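*Asks:* Numbering (this note's numbering), first residue to last: 307 to 477.
Have a look at the structure that comes next, please.
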Amino acid sequence: MTIAYKFCPHCGAALIVGPVSGHVREHCPACGFIAFHNPAPVGLAVIMHEGKVALVRRALPPLKGYWAPPGGHIELGESAPEATVREAKEECGLDIALDRLIGVYSQADVRTIIIAYLAHSIGGAPTAGDDAVEVGLFDEWPPQPPPDPAWATATDHWFYGVLRELGAAVG
Ligand SMILES: [Zn+2]
């Protein structure tokens, strides 16, 4: 197990790794605090804009340089749909309305859970921002090469599979 924290955020004692209720967990022997390691949820929007699919070319891993729908981490204080709408505006400049949930994607060795929505634009203009190099409007989902094992992580391979599934889901 990976140790994420050295000291207990509650009482300051050194954390240890060992069994707690039958699970090996990072915990505090002094106060009982348990450092849970949970995947982080990401909201992602497949956006239809003027009859085309709006994708952003990613500036950061995973799959840096690939075309993907805009998305980002959900923060406390916002719902999954609210975060997805916010991220779409920040990354590709479009105001969107969500139409339906496409699917929820997760894998045991990946630290992210993707919640993917189908959406359509209701305003704004395609403009790359934040983690996007550029915005592209596509008639069809663009084919992209599989990630090279020389650099790809488990997250890259998983995300590539998610993108293919999203492409198949929306045509
Ligand atoms: Zn403690």
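Even glycine gets a Cβ: it sits at the ideal position worked out from N, Cα and C.
Remember, predicted model here, so these are calculated numbers, not experimental data.
With the cut-off set at 8 Å, would you say Pro432 and Ala360 are in Cβ contact?
*Replies:* For Pro432 and Ala360, yes; Cβs fall inside 8 Å.
*Asks:* Measuring alpha carbon to alpha carbon, tell me which of Gly473, Ala414, Val476, Gly429 ends up nearest Thr461.
*Replies:* When only C-alpha atoms are compared, the closest one is Ala414.
*Asks:* Would you mind reading off the limits of the beta strand (DSSP E) that contains His316?
*Replies:* Taken as a continuous stretch (DSSP letters only), His316 belongs to no beta strand (DSSP E), as it is neither H nor E.
*Asks:* In the region 334-403, which residue ranges form an unbroken beta strand (DSSP E) of at least 3 residues, counting only runs that do not cross its ends?
*Replies:* Whole beta strand (DSSP E) segments, 3+ residues: 346-355, 358-364, 377-379.
*Asks:* Tell me, which residues are paired with His329 by DSSP?
*Replies:* DSSP output for His329 lists Val326 as bridge partner(s).
*Asks:* Using a threshold of 8 Å, state whether the C-beta atoms of Phe465 and Leu369 are closer than that.
*Replies:* Their beta carbons are under 8 Å apart, which means Phe465 touches Leu369 by this criterion.
*Asks:* Hey, would you say the C-beta of Phe339 is under 7 Å away from at least one heavy atom of ligand 1?
*Replies:* Yes, the Cβ of Phe339 comes within 7 Å of a heavy atom of ligand 1.
*Asks:* In the DSSP output, which residue or residues are listed as bridge partners for Phe444?
*Replies:* Looking at the DSSP assignment, Phe444 forms a beta bridge with Val359.
*Asks:* Is the beta carbon of Leu404 closer than 8 Å to that of Thr547?
*Replies:* Because residue 547 is not part of the residues shown, which for the chain are 307 to 477, the question remains open.
*Asks:* In the DSSP assignment, the alpha helix (DSSP H) including Thr461 goes from what residue to what residue?
*Replies:* Where Thr461 is concerned, the enclosing alpha helix (DSSP H) stretches over 460-476.
*Asks:* Where Gly383 and Ala346 are concerned, what is the direct C-alpha to C-alpha distance, given to the nearest angstrom?
*Replies:* Near 15 Å, if we compare the C-alpha coordinates of Ala346 and Gly383.
*Asks:* Helix, strand or coil, according to DSSP, for Val416 in the structure here?
*Replies:* Here Val416 sits in coil by DSSP.
*Asks:* Just verifying my parser: in three-state terms, what is the DSSP assignment at Gly435?
*Replies:* Of the three classes helix, strand and coil, the one that applies to Gly435 here is coil, per DSSP.
*Asks:* Regarding Ala336 and ligand 1, is the C-beta to nearest heavy atom distance less than 7 Å?
*Replies:* Result yes, Cβ under 7 Å from ligand 1.
*Asks:* For Asp405, does the three-state DSSP call read helix, strand or coil?
*Replies:* Three-state DSSP puts Asp405 in a strand.
*Asks:* For a test of the three-state rule: what should DSSP assign to Ala425, helix, strand or coil?
*Replies:* In the structure shown, Ala425 sits in a strand (DSSP, three-state: E or B).
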